[in-house]
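Visitor: Chains as they are written, first to last, in the working numbering: chain A, 1050 to 1427; chain B, 5 to 408.
Ideal Cβ placement from N, Cα and C applies to all residues, glycine included.
Bear in mind the structure is a predicted one, so any value in this text is a computation, not a measurement.
Quick one: the structure is below, and I'll ask about it shortly.
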């Protein structure tokens, strides 16, 4: 495990930080929203891909750089600072990892180069209820002789509104609640029987509900072995949680910096409000939590690259801590800004809205706390 | 970041390993027992005779203080060599040969602020564990506002004359020498403080142990009545003691937080999750049956893990030469919270089994946990209260201004 970035990782971090600040500042998200759009436009995705960001976890033979999770974490943290919408976690982390780990040679050659180049967005469609629950998949994949017929629905698929291809988790055996019996299928967004309902979400990043009404897929669209998706989903969702935690870290840092600046400029009673001990102690506690969460995220990112034995434990630690922290800091950001924090014109609200989505995605605080305890044997 | 070790370091590792194999007694490779901790000094009795041998051998090499200069009896090792030594000691699970405020607090400050003669006089005996030091900081009227201290120090020409009282002096009744903050100028506050050292056997010094709510007496009230101190025992310049005092507090906070107040607690105490399983029971999956308590225990376990990772990160960053800022205050604040939460959960999980004081009828480990719970209440007071640490973080780390 390493907490100190290598020179290459530091360079990638610097590149991502200046790219996010210059090209995708908070004003970008605000502009998209005000123009009635959700998430990012194709041009910004191409720019991210040109910088190589979508290929960081993809093997060189498929057009990536295999730079690793620590590198990916630096990029996501930078994007998190400005709330920049992207498909990086869905496409560049989850789909790239799932196909890279379990896909056939044909699937790898078909999809990985296009993910790396930003030509397509791939998105995992997993949850069917309002809460993250990977074993609760009920969407049915019925064997039809040549392949499978998928019937069911998915809720709030991140980046679902812009995805070109979905990795759909469907049940080939057992029933909802069983970890065993789930399979993953690559399904193009324009497949017959698949309808995509684009959502207007609170954070303006967008998402989609899917309904699958007899979508037929061939055996070549199955990723990995039938019934055994959980073998792939565990490591992939660990990466998703860690990646999301890294993005959160950036958002927390930015919201905290913005709040600190306000405490150092706003005056009341003839005093800088940051000189009041009631606010100083709350700021100091947030900073302590931020430093501790930073350690957890760094350890988790590095554990993936090391192939460590405790990735799941560190993933749940990082995501639980980060979710708890972004909840606190986003609320305090609004509160410490007072009235101005309640206005749409100020960025506080954007950080708080995004915070709740970041918390919910890939498992919230209670999900990961419970999982951490389970992994620890109590 | 795996890298190949340079040849010299490899040679040093081999020598160190061989030396430790030869010189670390087998008994010193077993887990530390609470009553076998060696604090050194004239009153040290060495309950385990092997601990004496171990301290003598390590002290001779200067390896109780590996990176201190060899000219003052330290190990004279580079940071990289010290890291190798640390790894090799961990490899054989060697006990620390010496626990010492001299090593953790006074020594580092003296090396930074003392003169050559003072270093020659005091450092070697710290390294060898021959002198046990105590810290004369807090006073009845100067706790969090430490700079308000009033212990009087007068210049009598050929000596200093000390009159006043200190409190919360850790182990003053067992220490040989004291490093002490005294007032040398009543007109000024911070600029009127000086840093002196003197023998606890000097005439006019009296240490009275204070009994705590936990029943133990690790602290004393210390009285100075016309104590004469030789002039050459002033460290640094007259009225410039506050700078040394603050630096030393950083060393103190770091040494407290590095261990997380002992983290896992003393021997014989189980974790809160173990006591919860034992006294509340488990559900069908073998998990703690009380879901609410389980959640709170898990929260604590995650906090403790995050803390350990943060200590590791700050050590790695400082080794890599990166500025780590005032992490001492952050870690001190977090360590106090962590240890107090842990003990509250221990007592809660133990139920009435955790409410014994002494004698028959209660488990030994449980009673230790109970005493530890009471003792842990001091964690957010000693070495700078949690509130003072939050002030330090707010002002020095975050740059927030003083109230006008």
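Using 10 angstroms around the beta-carbon of residue 5 (chain B), count the other beta-carbons present and answer buried if the total reaches 16, otherwise exposed.
Guide: Indexing the second chain from 1 puts residue 5 (chain B) at position 1. In this prediction, residue 5 (chain B) scores a pLDDT of 36, lower than 50, which makes its location untrustworthy; the coordinate-derived value is nonetheless stated afterwards. Residue 5 (chain B) is exposed by the Cβ-count criterion.
Visitor: Helix, strand or coil: how does DSSP classify residue 197 (chain B) here?
Guide: Walking along the second chain from the start, residue 197 (chain B) turns up at place 193. If DSSP states are grouped into helix, strand and coil, residue 197 (chain B) belongs with the strands.
Visitor: Is residue 307 (chain B) helix, strand or coil by DSSP?
Guide: As a working mapping, residue 307 (chain B) is identified with position 303 in the second chain. If DSSP states are grouped into helix, strand and coil, residue 307 (chain B) belongs with the helices.
Visitor: Are at least three pairs of beta-carbons, each pair with one atom in the segment 1222 to 1233 of chain A and one in the segment 1278 to 1297 of chain A, less than 8 Å apart?
Guide: Touching, per the Cβ criterion.
Visitor: Identify which residue in A:1235, A:1058, A:1316 and A:1405 has its Cα closest to the Cα of residue 1274 (chain A).
Guide: Taking the first residue of the first chain as position 1, residue 1274 (chain A) is located at position 225. Ranking A:1235, A:1058, A:1316 and A:1405 by Cα distance to residue 1274 (chain A) puts A:1235 first.
Visitor: To the nearest angstrom, how far is the alpha carbon of residue 351 (chain B) from that of residue 53 (chain B)?
Guide: Walking along the second chain from the start, residue 351 (chain B) turns up at place 347. Walking along the second chain from the start, residue 53 (chain B) turns up at place 49. If I take the Cα positions, the gap works out to 36 Å.
Visitor: So, at 8 Å on beta carbons, what are the nonlocal neighbours of residue 1251 (chain A) in its own chain, with the 5 sequence-adjacent residues on each side left out?
Guide: As a first step, residue 1251 (chain A) must be located in the first chain, where it is residue number 202. 1402, 1405 and 1406.
Visitor: With distance defined between alpha-carbon atoms, name the residue in A:1105, A:1348, A:1266 and A:1312 nearest to residue 1243 (chain A).
Guide: Translated into the one-based positions of the first chain, residue 1243 (chain A) becomes position 194. Residue 1243 (chain A) has its Cα closest to that of A:1266, out of A:1105, A:1348, A:1266 and A:1312.
Visitor: With a CB to CB cut of under 6 Å and the five nearest residues on each side skipped, what residues in its chain are close to residue 109 (chain B)?
Guide: Against the second chain, residue 109 (chain B) aligns to sequence position 105. Result list for residue 109 (chain B): 252, 255 and 256, in chain order.
Visitor: Quick check on the DSSP output: what are the complete beta strand (DSSP E) runs of length 3 or more inside the segment 1253 to 1323 of chain A, in order along the chain?
Guide: 1256 to 1266, all fully within the segment 1253 to 1323 of chain A.
Visitor: Contact criterion: CB-CB distance below 7 Å. Does residue 22 (chain B) meet it with respect to chain A?
Guide: Within the second chain, numbered from 1, the residue matching residue 22 (chain B) stands at position 18. Closer than 7 Å: no.
Visitor: Just checking, does the segment 1313 to 1325 of chain A make contact with the segment 388 to 408 of chain B on the three C-beta pairs under 8 Å criterion?
Guide: Yes: at least three Cβ pairs fall under 8 Å.
Visitor: Return helix, strand or coil for residue 323 (chain B), following the three-state DSSP convention.
Guide: Taking the second chain and counting its residues from 1, one reaches residue 323 (chain B) at position 319. Helix.
Visitor: For the candidate residues A:1160, A:1375, A:1208 and A:1293, whose alpha-carbon lies nearest to that of residue 1128 (chain A)?
Guide: Along the first chain, one-based indexing puts residue 1128 (chain A) at 79. Considering only alpha carbons, the answer is A:1293.
Visitor: How long is the line joining the alpha carbons of residue 157 (chain B) and residue 145 (chain B), rounded to whole angstroms?
Guide: Residue numbering aside, residue 157 (chain B) sits at position 153 when the second chain is read from its first letter. Residue numbering aside, residue 145 (chain B) sits at position 141 when the second chain is read from its first letter. Spanning the two alpha carbons is a distance of roughly 17 Å.
Visitor: List the DSSP bridge partners of residue 239 (chain B).
Guide: Counting from 1 along the second chain, the entry for residue 239 (chain B) is found at position 235. According to DSSP, residue 239 (chain B) bridges with B:199.
Visitor: According to DSSP, is residue 19 (chain B) part of a helix, a strand, or is it coil?
Guide: Against the second chain, residue 19 (chain B) aligns to sequence position 15. Note: residue 19 (chain B) maps to helix in three-state DSSP.
Visitor: At a CB-CB cut-off below 8 Å, which residues of chain A make contact with residue 407 (chain B)?
Guide: Numbered from 1 along the second chain, position 403 holds the residue referred to as residue 407 (chain B). 1320, 1324, 1325 and 1326, listed in chain order.
Visitor: Evaluate contact between the segment 1203 to 1217 of chain A and the segment 1361 to 1381 of chain A, counting only Cβ atoms and requiring at least three cross-stretch pairs below 8 Å.
Guide: No, the segment 1203 to 1217 of chain A is not in contact with the segment 1361 to 1381 of chain A.
Visitor: Starting from the Cα of residue 1246 (chain A), find the closest Cα among A:1341, A:1313 and A:1174 and give me that residue.
Guide: Sequence index remark: in the first chain, residue 1246 (chain A) carries index 197 (1-based). Cα-wise, what sits closest to residue 1246 (chain A) is A:1174.
Visitor: Does the structure place the segment 1076 to 1093 of chain A close enough to the segment 1115 to 1134 of chain A that three or more beta carbon pairs sit under 8 Å?
Guide: Verdict: yes, contact present.
Visitor: Can you find the residues in the same chain that come closer than 7 Å, C-beta to C-beta, to residue 1 (chain B), ignoring five residues on each side of it along the sequence?
Guide: Any property of residue 1 (chain B) remains undetermined from this structure, which presents chain B solely from 5 to 408.
Visitor: Is there a Cβ of chain B sitting closer than 7 Å to that of residue 1301 (chain A), yes or no?
Guide: Reading the first chain from its first residue, position 252 is the one you call residue 1301 (chain A). Not closer than 7 Å to any Cβ of chain B, the Cβ of residue 1301 (chain A) fails to qualify, so no.
Visitor: Looking at C-beta atoms only, is the number of pairs between the segment 116 to 136 of chain B and the segment 92 to 108 of chain B that lie closer than 8 Å three or more?
Guide: Contact between the segment 116 to 136 of chain B and the segment 92 to 108 of chain B is present, because at least three Cβ pairs lie under 8 Å.
Visitor: Taking the CB atoms as reference points, tell me whether residue 292 (chain B) and residue 280 (chain B) lie closer together than 7 Å.
Guide: Translated into the one-based positions of the second chain, residue 292 (chain B) becomes position 288. Translated into the one-based positions of the second chain, residue 280 (chain B) becomes position 276. Yes; because the gap between Cβ atoms is below 7 Å, this pair is in contact.
Visitor: Which one of A:1083, A:1168, A:1075 and A:1147 has the shortest CA to CA distance from residue 1101 (chain A)?
Guide: Here residue 1101 (chain A) refers to the residue found at position 52 of the first chain. Closest by alpha carbon: A:1168.
Visitor: Taking the alpha-carbon of residue 1188 (chain A) as reference, which of A:1161, A:1125 and A:1199 has the nearest alpha-carbon?
Guide: Numbered from its first residue, the first chain carries residue 1188 (chain A) at position 139. It is A:1199 whose Cα lies nearest to the Cα of residue 1188 (chain A).
Visitor: Residues in the same chain with beta-carbon distance under 8 Å from residue 1081 (chain A), minus the five sequence neighbours each way, listed in chain order, please.
Guide: Within the first chain, the letter at position 32 stands for residue 1081 (chain A). Cβ within range, chain order: 1087, 1088, 1089, 1090, 1134 and 1253.
Visitor: If you measure from the beta carbon of residue 1136 (chain A) to each beta carbon in chain B, is any gap under 7 Å?
Guide: Translated into positions along the first chain, residue 1136 (chain A) becomes position 87. No, residue 1136 (chain A) lies away from the interface with chain B (no Cβ there is under 7 Å from its Cβ).
Visitor: Please classify residue 1092 (chain A) as buried or exposed, where buried requires at least 16 neighbouring CB atoms within 10 angstroms.
Guide: Here residue 1092 (chain A) corresponds to residue number 43 of the first chain, with the count starting at 1. Answer is exposed; the Cβ neighbour count stays below 16.
Visitor: Between residue 1053 (chain A) and chain B, is there a C-beta pair that is closer than 7 Å?
Guide: Position 4 of the first chain, counted from the first residue, corresponds to residue 1053 (chain A). So, interface residue.
Visitor: Check whether chain A comes within 7 Å of residue 306 (chain B), counting only Cβ atoms and requiring the distance to be less than that.
Guide: Residue numbering aside, residue 306 (chain B) sits at position 302 when the second chain is read from its first letter. By this cut-off, residue 306 (chain B) is an interface position.
Visitor: Does residue 1330 (chain A) come within less than 7 Å of chain B when only Cβ atoms are used?
Guide: Counted from its first residue, the first chain places residue 1330 (chain A) at position 281. For residue 1330 (chain A), the answer is yes, since a Cβ of chain B falls inside 7 Å of its Cβ.
Visitor: Inspect the beta-carbon positions of residue 332 (chain B) and residue 218 (chain B) and report whether they are closer than 7 Å.
Guide: Locating residue 332 (chain B) in the second chain gives position 328, where the first residue counts as 1. Locating residue 218 (chain B) in the second chain gives position 214, where the first residue counts as 1. Their beta carbons are not under 7 Å apart, which means residue 332 (chain B) does not touch residue 218 (chain B) by this criterion.
Visitor: Mind checking residue 51 (chain B): buried by the 16 CB within 10 Å criterion, or exposed?
Guide: Numbered from its first residue, the second chain carries residue 51 (chain B) at position 47. It counts as exposed.
Visitor: Taking only beta carbons into account, state which residues of the segment 1406 to 1420 of chain A come closer than 8 Å to chain B, listed in chain order.
Guide: Answer in chain order: 1415, 1418 and 1419.
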